[in-house]
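Enquirer:
There are 2 protein chains.
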Amino acid sequence: MITFDAFKPTEGTPIYQQILLYIKRGAIAGTIRNGDELPSRRVLSALLGINPNTVQKAFKMLEDEALIESQAGAKSTMTLDGEKIAKLREEVLREDIRSIATALRQMGISREEAIRLLSENWEETES
Amino acid sequence: MITFDAFKPTEGTPIYQQILLYIKRGAIAGTIRNGDELPSRRVLSALLGINPNTVQKAFKMLEDEALIESQAGAKSTMTLDGEKIAKLREEVLREDIRSIATALRQMGISREEAIRLLSENWEETES
DNA sequence: GCAACTGTACTAGTCGTATAATACAGTCAA
DNA sequence: TTGACTGTATTATACGACTAGTACAGTTGC
């Protein structure tokens with residue numbers, strides 16, 4: 093069963109997108125594996141304190157991307173393979189790196205300073 | 093006069109927030125300085141192809157944060173000093189670093205791998 | 001079989017983002 | 001002074017995100 097203990101929603105971005113990213117990043121990290129069960133829509137929405145329809149929207153998009161399988165009455169399960177995970181890495185990880193590099197350059201940060209900042213602030217972040 | 097040549101709006105985040113960030117990052121980089129004139133609401137909205145009210149909202153928030161001064165009939169100007177810029181660095185730069193570190197850790201990326209990825213993708217980004 | 005779960009679908013309402021159109025007052029150069 | 005710019009304010013409209021409530025059908029364990 094996939095847990096959402098580490099899920100910390102942020103203000104400003106749609107919750108369903110954050111759920112999507114949470115699952116994708118877990119798949120990239122390997123903490124979420126093929127066949128893993130997801131909590132039901134109702135349970136997860138109660139757990140996160142949001143509307144069931146918001147969870148449903150996120151799960152629907154995961155299914156459209158063929159990352160989960162759902163059928164009425166049973167819990168949804170992850171459907172992952174090496175190819176899909178590689179695609180996720182390219183999609184999520186690459187985009188994250190690209191956007192932070194652009195932002196830092198806009199602030200006049202040099203590559204060396206960027207590396208120093210990232211390295212120094214690595215410990216302080218809570219996973 | 094502050095230019096918006098390097099302003100590339102992204103989908104998914106409100107435009108007025110992106111304008112805010114663009115100005116703040118410019119101030120942090122030092123490319124935007126105290127006393128610099130901003131384009132008028134109407135001119136900038138036409139330049140960016142967006143509604144004047146959207147620009148007005150961004151400028152209103154900049155004024156609420158005391159980063160610009162406005163008076164009817166005259167162009168708005170930046171009001172920066174060392175303290176404000178230091179505060180912006182803490183607010184924008186720190187948050188950017190913190191969020192990317194969290195995201196990368198969620199994907200199971202090690203500190204060394206993160207540094208390698210950032211370094212490798214530094215060149216490819218266009219400022 | 002039955003109860004309690006599961007996924008799925010639909011309508012209605014609120015709120016924030018953004019657009020559109022308009023109006024009024026202050027500044028400034030010709 | 002006059003006209004073209006400036007900032008500021010208002011109202012109306014559209015759309016997406018999110019909430020709220022309800023309904024129905026399939027699965028599972030007892």
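Going line by line, the protein sequences match chains A and B.
Sequential numbering of the first sequence, starting at 93, is according to the working numbering.
Sequential numbering of the second sequence, starting at 93, is according to the working numbering.
The beta carbon of each residue, even a glycine, is placed where N, CA and C say it ideally should be.
As the structure is a prediction and not an experimental result, all values here were calculated from the model.
1. When burial is assigned at 16 or more other CB atoms within 10 Å of the CB, is B/ALA119 buried or exposed?
2. Using a C-beta to C-beta distance shorter than 7 Å, which residues of chain B count as neighbours of A/GLY59?
3. Chain A partners of B/ASN213, CB-CB under 7 Å?
4. If you measure from the beta carbon of B/ALA206 to each beta carbon in chain A, is any gap under 8 Å?
5. In chain B, which residues lie less than 9 Å from A/ARG125 when you measure between Cβ atoms?
6. Give me the Cα-Cα distance between B/ALA168 and B/LEU159, rounded to the nearest whole angstrom.
7. So, does the CB of B/LEU185 fall closer than 8 Å to a CB anywhere in chain A?
8. Going along chain A in order, which residues have a C-beta closer than 7 Å to the C-beta of B/ILE209?
9. Sorted by chain position, which residues of the same chain lie with C-beta nearer than 8 Å to A/ASN126's C-beta, five sequence neighbours on each side aside?
10. Give a yes or no on whether the C-beta atoms belonging to B/ALA193 and A/LEU210 are separated by under 8 Å.
11. Looking at C-alpha atoms only, which residue of A/ASN145, A/GLU204 and A/VAL135 is the closest neighbour of A/THR95?
12. Under 8 Å between beta-carbons, which chain A residues line up against B/ARG117? List them in chain order, please.
13. Taking A/ILE189 as part of the alpha helix (DSSP H), name the residues at either end of that continuous run.
14. How many Å lie between B/ARG66 and B/ILE177 at the Cα?
Expert: So, to answer that:
1. buried
2. Chain A is shown from 93 up to 219; residue 59 of chain A falls before or after that span and cannot be answered.
3. ILE189, ARG190 and ALA193
4. yes
5. The contacting residues do not exist; A/ARG125 stays about 12 Å from chain B at best.
6. Sequence inspection shows Ser at residue 168 of chain B; the Ala mentioned does not correspond to that position. Each residue's alpha carbon lies about 10 Å from the other.
7. yes
8. First, the residue type needs correcting, since residue 209 of chain B is Leu and not Ile in the sequence shown. Those are ILE189, listed as they occur along chain A.
9. MET170, THR171, LEU172 and ASP173
10. yes
11. A/VAL135
12. ALA195, GLN198 and MET199
13. 186-198
14. Here chain B has residues from 93 to 219 only, and residue 66 of chain B is not among them.
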